[in-house]
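Colleague: This structure is in structure tokens; I'll ask about it shortly.
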Amino acid sequence: MIKNAMNTGINPYISPQSLYSFSASIENEKESEVVIEYINNLKYKDKREECLQELAKRKDSFPKMAIYLWHSVGTVAILLQEVISVYPLLLNSNLTQ
């Protein structure tokens, strides 16, 4: 059996669990790259809405997103700017009375 595995290029000493964790780490790495790209694209006003929507979709599947957002330069300011730009639309004359 080991001889057959060596002929096919499969390492007989790698467990299926380690192969699964390796493939999962590759998937996480790809997801990280996608999230980082969306975070970087928040800087561009024409791409911002799409990026915010995509980041919102991934918020549950990517638990480190908050850390990435917090530590990326200017992102918190961009998010605050978005909140401030929407705030006047939320104000109603009935709220002030």
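Residue numbers (the numbering used here): 361 to 457.
Glycine included, every Cβ here is placed at the ideal spot set by N, Cα and C.
My output table needs one value for ASN433: the three-state DSSP class, helix, strand or coil.
Modeller: Here residue 433 corresponds to residue number 73 of the sequence shown, with the count starting at 1. Correcting the residue type first, residue 433 is Val in the shown sequence and not Asn. VAL433 falls in the coil class under three-state DSSP.
Colleague: CA-CA distance, TYR404 and SER421?
Modeller: Counted from its first residue, the sequence shown places residue 404 at position 44. Counted from its first residue, the sequence shown places residue 421 at position 61. Those two C-alpha atoms are separated by around 24 Å.
Colleague: On the CB-based measure, 16 or more other CB atoms within 10 Å of its CB, does LEU451 come out buried or exposed?
Modeller: Position 91 of the sequence shown, counted from the first residue, corresponds to residue 451. Exposed is the call here.
Colleague: Using the three-state DSSP reduction, which class does ILE444 fall into: helix, strand or coil?
Modeller: The residue given as residue 444 occupies position 84 in the sequence shown. The answer is helix: DSSP assigns ILE444 an H, G or I state.
Colleague: The alpha helix (DSSP H) that contains ARG418, what's its start and end?
Modeller: Counting from one through the sequence shown, the residue named residue 418 turns up at place 58. No alpha helix (DSSP H) holds ARG418; DSSP gives it neither H nor E.
Colleague: Grouping DSSP H, G and I as helix and E and B as strand, with all else coil, what is TYR398?
Modeller: Mapped onto the sequence shown, residue 398 falls at position 38. Correct three-state label for TYR398: helix.
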